[in-house]
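>
Number of protein chains: 2
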Amino acid sequence: MTKANKIFIYYKKVKNLSEMDLPSHRRSQKRQRILEEVKNTKIHPTAMWVYQRVRKDFPRLSLGTVYRNLNFLCEQGLIQKLLLDFPSDHFDGDTSLHHHFICKVCGKVFDLDLKTKENLSKKAEKKTDFSIENYRIYFYGLCDRCKKRR
Amino acid sequence: MTKANKIFIYYKKVKNLSEMDLPSHRRSQKRQRILEEVKNTKIHPTAMWVYQRVRKDFPRLSLGTVYRNLNFLCEQGLIQKLLLDFPSDHFDGDTSLHHHFICKVCGKVFDLDLKTKENLSKKAEKKTDFSIENYRIYFYGLCDRCKKRR
DNA sequence: ACTAATAATAGTAATTATTACTAATTTTTA
DNA sequence: TAAAAATTAGTAATAATTACTATTATTAGT
Numbered sequence: 018m019t020k021a022n023k024i025f026i027y028y029k030k031v032k033n034l035s036e037m038d039l040p041s042h043r044r045s046q047k048r049q050r051i052l053e054e055v056k057n058t059k060i061h062p063t064a065m066w067v068y069q070r071v072r073k074d075f076p077r078l079s080l081g082t083v084y085r086n087l088n089f090l091c092e093q094g095l096i097q098k099l100l101l102d103f104p105s106d107h108f109d110g111d112t113s114l115h116h117h118f119i120c121k122v123c124g125k126v127f128d129l130d131l132k133t134k135e136n137l138s139k140k141a142e143k144k145t146d147f148s149i150e151n152y153r154i155y156f157y158g159l160c161d162r163c164k165k166r167r
Numbered sequence: 018m019t020k021a022n023k024i025f026i027y028y029k030k031v032k033n034l035s036e037m038d039l040p041s042h043r044r045s046q047k048r049q050r051i052l053e054e055v056k057n058t059k060i061h062p063t064a065m066w067v068y069q070r071v072r073k074d075f076p077r078l079s080l081g082t083v084y085r086n087l088n089f090l091c092e093q094g095l096i097q098k099l100l101l102d103f104p105s106d107h108f109d110g111d112t113s114l115h116h117h118f119i120c121k122v123c124g125k126v127f128d129l130d131l132k133t134k135e136n137l138s139k140k141a142e143k144k145t146d147f148s149i150e151n152y153r154i155y156f157y158g159l160c161d162r163c164k165k166r167r
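As you go down the protein sequences, you meet chains A and B in turn.
According to the numbering used here, the stretch in the first sequence is residues 18 to 167, in order.
According to the numbering used here, the stretch in the second sequence is residues 18 to 167, in order.
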């Protein structure tokens with residue numbers, strides 16, 4: 018199954034779930050801990066980073082469990098996946114409205130609060146026939162540290 | 018080597034290349050054809066899509082050649098790679114300033130011209146210590162077709 | 001046009017991130 | 001406390017991309 022299909026299925030699921038009951042989810046210790054790790058850092062970690070951290074307290078943790086839970090938590094809207102030009106996925110525990118800056122030199126990802134005066138979704142909707150729900154902005158350039166080094 | 022390192026190296030290369038001579042690049046027929054294919058479509062294709070097309074005229078084409086050239090063309094700034102939530106990379110032959118809309122249902126990617134009244138880079142720079150070179154906006158929602166089907 | 005130098009390619013192997021699978025375990029429910 | 005069901009560990013499989021090397025194609029200089 019491709020990710021294109023997954024997006025479709027996820028969308029359908031959300032629509033249906035608002036009508037019927039949510040399937041019962043169990044608060045396993047590991048899931049809780051994985052969520053906390055992502056929430057308590059600003060580095061926008063990968064699955065491997067989370068795995069290495071949580072494994073210190075749960076030595077039998079499996080990497081698959083981390084992946085499964087990160088994806089689950091994304092579907093639940095408790096965290097989000099970032100779209101960056103890195104080989105592995107990065108996650109963000111902050112689901113509030115904000116954007117990101119990526120340094121072209123060191124590759125670090127920073128949060129960036131930015132409120133546009135215009136409503137960009139509405140502006141884009143007027144130019145198209147789409148119904149736009151949300152958007153993300155990714156900024157690129159040099160971070161403070163890397164700027165100084167030049 | 019991770020992609021983070023690659024970004025670093027690419028950046029260094031560009032800086033240095035402006036001082037010294039560009040290495041000589043040969044205009045092979047296949048590279049030319051790959052570039053044309055990406056330039057002549059609006060579907061934001063994957064390497065596999067390009068491969069299947071170009072192979073019709075060059076039956077001995079190798080998929081590795083397509084990957085190598087797509088990456089090369091990105092580095093040269095002739096095409097760009099999009100950051101989408103799909104398992105495989107998508108490319109865009111249009112390098113002019115524009116943004117993208119991705120339909121949450123069918124997964125199609127559309128170009129979206131949008132000129133903001135504010136200079137978002139400058140606005141973001143004022144809030145941070147970064148020097149911002151460019152940004153990309155990804156919009157999400159339902160496309161025309163998918164909207165009608167509901 | 002010919003040749004030397006070297007960039008590009010084909011074909012294959014290797015790598016890496018992620019997902020799939022299933023028996024065993026943990027958590028919840030009643 | 002026992003039954004039901006979600007979750008996990010451990011492993012295998014998958015899929016996209018990159019790496020490698022002998023061969024081929026392109027360019028530059030004569």
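Backbone N, C-alpha and C fix where the C-beta goes; we use that ideal spot for every residue, glycine too.
Does B/Gly-81 come out as helix, strand or coil in the three-state DSSP assignment?
Looking at B/Gly-81 - three-state DSSP - the assignment turns out to be helix.
> A/Ser-138 touches chain B at which residues, Cβ-Cβ below 9 Å?
Chain B residues near A/Ser-138: Phe-156, Gly-158.
> Using a C-beta to C-beta distance shorter than 8 Å, which residues of chain B count as neighbours of A/Thr-82?
Here the premise fails: no neighbours, minimum Cβ distance about 21 Å.
> List the residues that DSSP assigns as beta-bridge partners of A/Leu-129.
Its beta-bridge partners are A/His-116.
> Kindly list, in the order they appear in chain B, the residues whose Cβ is closer than 9 Å to that of A/Lys-164.
Ordered by position in chain B, the residues that pass the 9 Å Cβ test against A/Lys-164 are Asp-146, Phe-147, Ser-148.
> Beta-carbon within less than 7 Å of B/Tyr-157's beta-carbon, same chain only, minus the 5 sequence neighbours each way: which residues are those?
Cβ neighbours of B/Tyr-157 beyond the five flanking positions: Ile-119, Lys-121.
> Using the beta-carbon of each residue, which ones in chain A are nearer than 8 Å to B/Asp-130?
The contacting residues are Lys-144.
> Provide the residue span of the alpha helix (DSSP H) that contains A/Ile-154, from first to last.
First-last for A/Ile-154: 148-159, but that is the beta strand (DSSP E), not the alpha helix (DSSP H).
> Does the separation of the CB atoms of A/Leu-131 and A/Tyr-152 fall below 8 Å?
Against a cut-off of 8 Å, the Cβ pair of A/Tyr-152 and A/Leu-131 comes out as no contact.
> Does DSSP put A/Phe-108 in a helix, a strand or coil?
Looking at A/Phe-108 - three-state DSSP - the assignment turns out to be strand.
> Work out the CA separation of B/Lys-134 and B/Glu-92 for me, nearest whole Å.
Approximately 30 Å, taken between the alpha carbons.
> Find the nearest neighbour of B/Lys-143 within the set A/Val-67, A/Phe-75, A/Glu-54, A/Leu-129, judged by alpha-carbon distance.
The candidate whose alpha carbon is nearest that of B/Lys-143 is A/Leu-129.
> Based on the DSSP secondary-structure assignment, which residues constitute the bridge partners of B/Lys-98?
Its beta-bridge partners are B/Phe-108.
> To the nearest whole angstrom, what separates the beta carbons of B/Arg-50 and B/Asp-74, a pair I think is in contact under 8 Å?
Confirmed, Cβ separation roughly 7 Å.
> Is B/Ile-154 closer than 8 Å to B/Ala-141 when the C-beta atoms are compared?
Going by C-beta atoms, B/Ala-141 is not nearer than 8 Å to B/Ile-154.
> From B/Asp-111 to B/Phe-89, what does the alpha carbon distance come to, in whole angstroms?
One C-alpha to the other measures close to 16 Å.
> With 16 other CB atoms within 10 Å as the buried threshold, where does B/Asp-109 fall?
So B/Asp-109 ends up on the buried side.
> Using DSSP bridges, identify the partner residues of A/Thr-145.
According to DSSP, which records beta bridges pairwise, A/Thr-145 is partnered with nothing at all.
> Pairing CB atoms from the segment 59-70 of chain A with CB atoms from the segment 58-73 of chain B, are three or more of them under 8 Å?
No, they do not touch.
> In angstroms with no decimal places, state the Cα-to-Cα distance between B/His-107 and B/Val-83.
Roughly 13 Å between the two C-alpha positions.
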